[in-house]
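At position 62 of the sequence shown (counting the first as 1) the number is 62 in UniProt numbering, and the numbers step up by one without a gap. Comments concern the structure below.
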Amino acid sequence: MYWERYKLSWSFVYTIEIERLTNAIKELGEQIYNLEDEQDRICNAIDWIWEDDNTEKKYLETIQATLKEKLSQVKAQLQETTEAYKTSGQRDRTQMREQSENALEKVKKKDEAELQCK
Numbered sequence: 001m002y003w004e005r006y007k008l009s010w011s012f013v014y015t016i017e018i019e020r021l022t023n024a025i026k027e028l029g030e031q032i033y034n035l036e037d038e039q040d041r042i043c044n045a046i047d048w049i050w051e052d053d054n055t056e057k058k059y060l061e062t063i064q065a066t067l068k069e070k071l072s073q074v075k076a077q078l079q080e081t082t083e084a085y086k087t088s089g090q091r092d093r094t095q096m097r098e099q100s101e102n103a104l105e106k107v108k109k110k111d112e113a114e115l116q117c118k
């Protein structure tokens, strides 16, 4: 009885963790999409700037470099979150496999004990 509650508790915890990581991955994906879109707009704006307007061009290039850095950081965060998501799922499967093996071992021992009694 205790193990059943324990198993459900771990399953519930892992479900919440997986759901949280899934939402984080979605949010990071949206951030990447928005940053890439902004970067494309700035690239297009840079292409349209006249050669003699270096001040605005340098300003936009600075913004573009900043966006590239932010995009790189968000992609790295997405990678970390994705790895955490994969690890969480693997940990859940390992926990369930161990519990199944323990339960099977208990059943085998019980069957052996019953056979010895007969």
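The beta-carbon is built from N, C-alpha and C at its ideal position, and this holds for glycine as well.
Residue i (DSSP reduced to helix, strand or coil)
| i | result |
| --- | --- |
| Ile49 | coil |
| Trp3 | Below a pLDDT of 50, predicted positions are generally treated as unreliable, and Trp3, at 46, falls in that range; the measurement from the model is reported next regardless. Looking at Trp3 - three-state DSSP - the assignment turns out to be helix. |
Assigned exposure category for residue i - 16 Cβ within 10 Å defines buried
| i | result |
| --- | --- |
| Val74 | buried |
| Leu104 | exposed |
| Tyr2 | Any answer about Tyr2 is weak, because its pLDDT of 46 lies below 50 and its placement is not dependable; what the coordinates show is given next. It counts as exposed. |
Whole-angstrom C-beta distance between residue j and residue i, which should lie under 8 Å
| i | j | result |
| --- | --- | --- |
| Leu21 | Ser100 | Between Ser100 and Leu21 the Cβ distance is about 24 Å, and since that is not below 8 Å, they are no contact. |
Other residues of its chain near residue i: CB distance less than 7 Å, five sequence neighbours each side excluded
| i | result |
| --- | --- |
| Glu36 | Leu71 |
Chain-order list of residues whose beta-carbon lies under 6 Å from that of residue i (same chain, five-residue window excluded)
| i | result |
| --- | --- |
| Asp92 | Tyr14 |
Residues of its chain near residue i, where Cβ-Cβ distance is below 8 Å and the 5 sequence neighbours each way are ignored
| i | result |
| --- | --- |
| Ile78 | Rather than Ile, the amino acid found at residue 78 in this sequence is Leu. So the list reads Ile25, Leu28, Gly29 and Ile32, once near-sequence residues are dropped. |
| Ile42 | Leu60, Ile63, Gln64 and Leu67 |
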